[in-house]
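Protein chains in written order, with our numbering: chain A, 4 to 241; chain B, 100 to 647; chain C, 15 to 184.
Backbone N, C-alpha and C define an ideal beta-carbon position, used for all residues, glycine too.
In this text, all values refer to a predicted model and were calculated from it rather than measured experimentally.
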Amino acid sequence: MAVTTLTIDGTPVSARDDQTILDVAREHGIHIPTLCHVPGLSEVGACRLCLVEIAGSPKLQPACLTPATEGLDVTTRSERLDGYRRQIVELLLAERNHVCSVCVANTRCDLQDLAVAMELHHVRYEHQAPAFALDASHDRFVLDHNRCILCTRCVRVCDEIEGAHTWDVMARGGESRIVADMNQPWGASASCTSCGKCVRVCPTGALFEKGTTAGSPRKDRSFLTYLKTARERKLWIR
Amino acid sequence: MAAEDVDAIRGRESAAWDAHRGRIAVCTAAGCLSSGAAAVKEALVDAARTASTNGSVRVVGTGCLGLCHAGPLVRVDTATEHALYERATPGVAPALVCAAVAGALPREGRNDDEAAFFAPQQRIVLANAGRIDSERVEDYIAAGGYRALQQAVGEMTPPDVVQQIVASGLRGRGGGGYPTGLKWSTVAKADGPAKYVICNADEGDPGAFMDRSVLEGDPHRVLEGMTIAGYAVGAEQGFIYVRGEYPLAISRLKTAIKQAERLQLLGHRILDSAFNFRIDLRIGAGAFVCGEETALIASIEGRRGTPRPRPPFPAERGLWDRPTLINNVETFANVPPIVTRGGDWYASIGTARSKGTKVFALAGAIARTGLIEVPMGLTLRQIIFDVGGGIPGGRAFKAAQTGGPSGGCIPADHLDLPVDYESLAGIGSIMGSGGLIVMDDTSCMVDVARFFMEFCREESCGKCIPCRAGTVQMHGLLTKITDGRADERDLLLLEQLGELLTRTSLCGLGQTAANPVKSTLRHFRGEYLAHIVDRRCPAGVCRMKGAP
Amino acid sequence: MPTAILAPAPPHPSGDKRFRILDATMKRHRHEPDSLLEVLHAAQELFGFLDLDCLIYVARSLKVPPSRVYGVATFYNFFSLKPKGDHTCVVCMGTACYVKGTASILAAIEQQYRIKAGDTTADGTMSLVTARCLGACGLAPAVVFDEEVAGGLSVGLTLERIARWTSDGR
């Protein structure tokens, strides 16, 4: 493990070569938008929001997956990058039914935060308006496909941290959907342990606790890094 | 089985071939089989038996002869001449057999295009089509097969082999055009307890059947190429990932693998050396995205075929996180001749940066639909009009589409473009795997772009947002245009989305999904504007639903 | 809700011989989770489609989470979770065939038999499927009737071939 120096947005920063550009940027207060990234879970590089420009390379690279190697010259903001991020958020908002006013995650939603930060007033793409029902069969939680952005945080946390692998993705492309066990109602799942980790990591109002109203408090996801480090570093008190 | 034993088989078979008065090869690739080639072959076998020719006429089922529109095809060779017969029926069998014995081949039923079709071609990958029985390893050996493996394992070191591939200038024939020698040397240098060789036989481009023909017609060529690769990079396990839609190719491969194992040309202690190499088949299950190397790997690992971000590349961390060499069928098929004739020989064919030959599948509005193999650098005009016989029905050439859903359309003003990697990229298309669809003036280029976008939308794996949601939106916009309901703003949205997909998608499917749109916008913008502004489809294809 | 999720380990309680063949396939692959696609291929071939019970059985035998099996089974076009008809008609929608008019052949079949591609007729006689290129481009337009690839078709010829299935009876 070596120490490296690289440049992010003109600022020289130091890093360890086992860190990613995203880690280092965050350490230095440089904000790079993300949706599929959660500290403590594996990286998938799927949302494409964290793509950054690296001098000398024609291809954009995902900051969440790119190691902070020596001498990199990284640009995290540009008209082009901002434009792509805007399009990605608009595509998401047009893909399913994201109606904030009646959503439990209103004011505490990662997708909404992104749109607000971009001053997104309207979506230029045609709303697909798929017809999704809610799954309220579980005694404690609800799954609302209308709000799901297929970030797969729920799939990963259930597989990697809880170990139950209740969730996975079915079909493909625009037909993709999150399913529990054999595409069963969540309440009928034999593998689910009701631990609620998936609900805690979900960025939008797709997964929520029954009884939650709009305007509920912001979710705390630091429990994941806590779970990961507690054993290793014996840091039992947060 | 040591090298000398293989030489012995080769000698025996060749002598047997020479002893024949005539050889009749019936094309038994899938296309001709669908037109009744099996019955034709059976009739010929019977005729050869009953004519009491004392085994002097040999009838075999062979690989794709190329003139697919004229099948079933039968090639007859005597000591002095050969002829190609088209649209053969079982009824012609007795006459052909007699002719082969007598050494006087009849005029009737001959294909007239043979000379024009084959003259510009240089058949390296397809060399054995028409010569060997696709289901007999002895035939392959007699035609010179496995000599390369003997040479590699017996006389060369792995770095020697890699060196020949580097010298050849061979580039990936699956479409990417990545220097094969560089890939091989990367994997060769990688560390690890195990490495893998994967043959990507998931030929998913609609309109492409090159790999299929090689797998059905000359399966040992692919096995030999893979085994040599295993030797060169230090792998002991190979996989051929073949489309489930190719049952004939699958069965021919299974037969070939068993035959090679029996002769110790595959498996344990190959040719009595210390080198072991196994090849197993993995069958695809109908997902175009699994032609992308990391998605293919995920599929072999028993997962959904979603790609992984690269870097790291498979050469470094691939199948089960181990160094993996993935190459296309045609790439592997070029390996044995490169080994026996040398990399420099291969590099003498083609252009400065695109060496060797390329197999193309000609389809669409072209007189001679079928399979061809030409040196890199031949012009599009030569391929379409000389080899392909031009546009039938007296219609005009409009565009040639290369690279399938990842490629672009080339209009008439660029017919003299040399077909090589750089030239095609420069004009907004790609070489692709070899599918070459010719379109005449009855095709609407906007409809073609919509057709390819629909394909990408249905085949998108769904992992990344730009491709998953972007292909849906782009398809929606293109449908709006072909329905006559769009305005100029929609065109701008289409172009911007195209940029997003190209620059931000996670894998090649998304990154190239916008190519057909971009290229048709570049060369046929007028057609788009006619649909949008005039609410009219110049080619008369699109049913404009919107009010004028 | 399926109680079969708590089904016992192999052999399958139904005693259906096909499950024994499936067991043999899994054994051949040493019950490795990575062999999931090969096993699903085998199951699809043995049973004609993958029903819930079969998927659960595979999940159990290979020790793979059920949601992962479901996710894989629904990702690939080949696997069908619904039974197929007695006959299958595959219309090629590859570029070469499309350019030669298979879109109108498909539309004609859909109209005549009142189903969409991917469905089976109500009486179970025929399943209509599209393929993204059969690799028989020299035969465009191409349609597969059960195992047989036919080329150079028109709307009329195609409908005629299909009608033979219903007039011939089962």
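The Cβ of C50/A sits closer than 8 Å to at least one Cβ of chain B. The criterion of a C-beta distance shorter than 8 Å is not satisfied by I378/B and G404/B. Of the candidates M538/B, L600/B, D145/B, L600/B places its Cα closest to the Cα of S559/B. Counting only runs of 3 or more residues that sit fully inside the stretch 436 to 478 of chain B, the beta strand (DSSP E) segments are 456 to 463, 469 to 474, in chain order. In this chain, the alpha helix (DSSP H) harbouring W116/B covers 102 to 118. For the stretch 172 to 194 of chain A, the set of positions with a beta-carbon nearer than 8 Å to some beta-carbon of chain C reads V172, M173, A174, R175, V182, A183, D184, M185, N186, Q187, P188, A191, A193, S194 in chain order. Shown here, D259/B sits in a helix according to DSSP, grouped into three states. In the DSSP assignment, S618/B falls within the unbroken alpha helix (DSSP H) covering 614 to 622. Of all residues in the stretch 559 to 574 of chain B, only S559, C560, G561, K562, C563, I564, P565, R567, A568, G569, V571, Q572 come within less than 7 Å of chain A when Cβ atoms are compared, listed by chain position. Where Q572/B is concerned, there is no enclosing beta strand (DSSP E), although the alpha helix (DSSP H) around it starts and stops at 564 to 582. Judged by pairs of C-beta atoms under 8 Å, the stretch 121 to 141 of chain B touches the stretch 312 to 322 of chain B, as three or more such pairs exist.
Using a Cβ-Cβ cut-off of 7 Å, L51/C is close to A384, S398, G401 of chain B, given in chain order. If only complete runs of 3 or more residues are kept, the stretch 169 to 222 of chain B shows the beta strand (DSSP E) at 173 to 177, 181 to 184, in order along the chain.
When the Cα atoms are used, G199/A and E553/B turn out to be separated by approximately 39 Å. Contacts with chain C at 8 Å (Cβ-Cβ) include E344/B.
For the stretch 468 to 552 of chain B, the continuous beta strand (DSSP E) assignments of 3+ residues that do not extend past its boundaries occur at 469 to 474, 496 to 501, 507 to 510, 534 to 539, in sequence order. Measuring C-alpha to C-alpha distances from I396/B to each of P410/B, Y340/B, A446/B identifies Y340/B as the nearest.
Cα atoms of R222/B and S45/A: separation of roughly 49 Å, rounded to the nearest angstrom. Within 10 angstroms of the beta-carbon of T177/B lie 16 or more other beta-carbons, which makes it buried. Burial is judged here by how many other beta carbons sit within 10 angstroms of a residue's own beta carbon; D301/B has at least 16 and is buried.
Residues L60 of the same chain have their beta carbon placed closer than 7 Å to that of I35/C, with the five preceding and five following residues left out of the count. By the Cβ test, the stretch 541 to 550 of chain B is in contact with the stretch 628 to 646 of chain B, since at least three Cβ pairs between them sit closer than 8 Å.
Residue contact with chain C for A499/B: absent (no Cβ-Cβ distance below 8 Å to any residue of chain C). At a cut-off of 8 Å, the C-beta of F89/C has a neighbouring C-beta in chain A. The stretch 188 to 227 of chain A is shown to contain whole beta strand (DSSP E) runs of 3 or more residues at 210 to 212, in chain order. In this structure, DSSP gives A150/B a state outside helix and strand, which the three-state scheme calls coil. Between the stretch 430 to 446 of chain B and the stretch 223 to 240 of chain B there are three or more C-beta pairs closer than 8 Å, enough to call the two in contact.
When rounded, the separation of the alpha-carbon atoms in G507/B and I356/B is 37 Å.
In the three-state reduction of the DSSP assignment, S604/B falls in the coil class, being assigned neither a helical nor a strand state. Checking the DSSP bridge columns, you'll see D138/A partnered with L146/A.
No Cβ-Cβ contact shorter than 8 Å links Q500/B with T144/C.
About 16 Å separates the beta carbons of V265/B and G449/B, which is beyond the 8 Å limit, so they are not a contact pair. Contact annotation: the stretch 35 to 51 of chain A does not touch the stretch 98 to 110 of chain A, with fewer than three C-beta pairs closer than 8 Å. Taking L347/B as the centre and dropping the five residues before and after it, the same chain places the C-beta of A129, E315 closer than 6 Å to its C-beta, in chain order. A straight line joining the alpha-carbon of H101/C with that of S141/C spans about 6 Å. Take the alpha-carbon of V126/A and the one of I91/A: they are about 11 Å apart.
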